[in-house]
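Just so we're aligned, residue 60 is where the sequence shown starts under the numbering used here, counting upward by one.
Single-structure report; data block below.
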Amino acid sequence: MKIRVGTRGSNLALIQTNWAIDRLKEKFPEVEFEVKIIKTKGDKILHLSLDKIGDKGLFVKEIESQLLEGEIDLAVHSMKDMPAEVVEGLKFAAVPKREDPRDVIILREGLNSFDELPIGATIGTGSKRRKYQLLRKRPDLNIVPIRGNIETRISKIESENLDGIVLAASGVIRADLEEKITEFLPVDLMIPAPAQGALALEIRENDEELEKMIDAIKDEISQIQTDAERSYLAGIDGSCHIPMGAYCEVDGEKLTLTGIFGDEDGEKITVASLEGDRDNPKELGSNLAKLVLKKHREE
């Protein structure tokens, strides 16, 4: 049996794809895997910020087309890049173990923590979610847009004279650059993107055999968190045009889901939390979205 796996061509995308393949090989050593690199719109247009060139799906549509056409059998994505609605004819298989969902800050030499940032410090990020959460804590900061892969963004600290950049911990860890991290940002300072750190293993809707194989590498906690956070994303109808994030904490049978939502220019930011039980993560996400939207309208 051979499974053709589609992915973007960045270093991180290939690391994530090979990690998923390795987990599957541990369970199914007899299966052969072939990796196919597919360029997406988000990979081709690098001079504009993400919110200027489209919506969520910038890094996935071309890969999903090949999956629907039968050119590949499995697509590996970062779950945080996935639109709330799955394309007709496709589905997500089980979620494997999630990497650290937090954001991190990488600072220039001489700075050792977020609290040490001087007044008016310049921080690079391509995300409105990160930008407006940083400004909530430190309105004096100068936030500038940056794009590119992890290595490129880190190099811009020096080349563009930045005081630091904010990235997803998961990408930095997977790229084996953990020694570059200055500080992990706590969730109460920086609520992550929904499902940040989780991988989306996407298959055709009718591919029951592959779905059963992927079930063998499912991580229960990661699945619960992802279901809750993506249900919030769907309820908010979130895009990369608005600052929006969610994080689900699992404590035994209890879930605590925290969500953030803001208008496009970050003038008004709403944060709220709800508790629920682990049997109904999607319901919790949907309920929190309704609460946040209501609160946002009233504020």
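Virtual Cβ for every residue (Gly too), placed ideally from N, Cα, C.
Just checking residue i against the ligand SAH - is the residue's beta carbon closer than 8 Å to any of the ligand's heavy atoms?
i, result
"E357", "This structure lacks the ligand SAH, and indeed carries no ligand of any kind."
Check for me: the alpha helix (DSSP H) holding residue i runs from which residue to which?
i, result
"M303", "From DSSP, M303 is part of no alpha helix (DSSP H) but of the beta strand (DSSP E) over 303-310."
"K139", "Per DSSP, K139 belongs to no alpha helix (DSSP H) and is neither H nor E."
"S345", "340-357"
"L127", "120-127"
Please work out which residues of its chain come closer than 6 Å, Cβ to Cβ, to residue i, disregarding the five sequence neighbours upstream and downstream, and give them in chain order.
i, result
"D278", "P155, K156"
"S172", "E242"
"D81", "none"
"L292", "A143, P253"
"I280", "V309"
Note the first and the last residue of the continuous beta strand (DSSP E) segment covering residue i.
i, result
"D162", "162-166"
"S69", "No beta strand (DSSP E) holds S69; DSSP gives it neither H nor E."
"I131", "Here I131 belongs to no beta strand (DSSP E), and DSSP marks it neither H nor E."
"L314", "313-321"
"F92", "91-96"
"D336", "328-336"
"L149", "149-151"
Beta-carbon within less than 7 Å of residue i's beta-carbon, same chain only, minus the 5 sequence neighbours each way: which residues are those?
i, result
"L333", "L316, L343, N346, L347, L350"
"G294", "G344, S345, A348, K349"
"H106", "For H106, the predicted model reports a pLDDT of 48, less than 50, meaning its position is unreliable; a value from the coordinates is still stated below. So no residue of the chain qualifies."
"A79", "V135, P155, L258, L260"
"T76", "V64, T66, V94, V135"
"G169", "none"
"V11", "The requested residue 11 is not part of the displayed model; the chain covers only 60 to 358."
"L251", "The amino acid occupying residue 251 in the given sequence is Pro; Leu does not appear at that position. Here the set comprises P160, R161, D162, G304, Y306."
"Q125", "G65, I97, I131"
"K196", "L248"
Who are the near neighbours of residue i in its chain, counting only those whose CB is closer than 8 Å to its CB and skipping five residues on each side?
i, result
"E123", "A134, V146, L149, E261"
"E89", "M60"
"A331", "T317, G318, L347, L350, V351, K354"
"E219", "G183, V203, I205"
"G325", "K187, K190, Y191, L194, P302"
"L127", "V146, G148, L149, R263"
"A234", "N70, L71, I74, I209, E210"
"I178", "D199"
"E288", "P253, A254, A305, Y306, C307, L316, G344"
"D266", "D132"
"D286", "P340, K341, G344"
"D296", "A143"
Under 8 Å by Cβ, that's how I've got residue i and residue j pegged, so tell me the actual separation to the nearest angstrom.
i, j, result
"F92", "I62", "5 Å"
"K95", "G65", "5 Å"
"I240", "T184", "15 Å between Cβ atoms; not a contact."
"M141", "R189", "The Cβ separation is near 19 Å, so there is no contact."
"K313", "D338", "Actually they do not touch by this definition, with Cβ atoms about 11 Å apart."
"K86", "I276", "6 Å"
"P340", "S290", "7 Å"
"K327", "E358", "6 Å"
"Q282", "A153", "6 Å"
"A228", "D159", "4 Å"
"L221", "T181", "5 Å"
For the segment 250-266 against the segment 202-216, are there 3 or more C-beta pairs whose distance is under 8 Å? Segments in contact, no.
Are three or more beta carbon pairs between the segment 121-140 and the segment 68-84 nearer than 8 Å? Remark: three or more beta-carbon pairs, one from each stretch, lie closer than 8 Å, so the segment 121-140 and the segment 68-84 are flagged as touching.
Go through the segment 183-268 residue by residue and report every complete run of the alpha helix (DSSP H) that reaches 4 residues or more, in order. Whole alpha helix (DSSP H) segments, 4+ residues: 187-196, 209-218, 228-233.
Given 8 Å as the limit, is there contact between the segment 318-335 and the segment 288-308, that is, 3 or more CB pairs closer than that? The segment 318-335 is in contact with the segment 288-308.
Does the segment 213-226 come close enough to the segment 158-168 to have 3 or more Cβ pairs within less than 8 Å? Touching, per the Cβ criterion.
Just checking, does the segment 190-206 make contact with the segment 264-278 on the three C-beta pairs under 8 Å criterion? Flag = no, the segment 190-206 and the segment 264-278 do not touch.
4-residue-minimum alpha helix (DSSP H) runs that sit fully inside the segment 273-299, ordered along the chain: For secondary structure counted as the alpha helix (DSSP H) over 4 or more consecutive residues, the segment 273-299 holds these complete runs in sequence order: 279-295.
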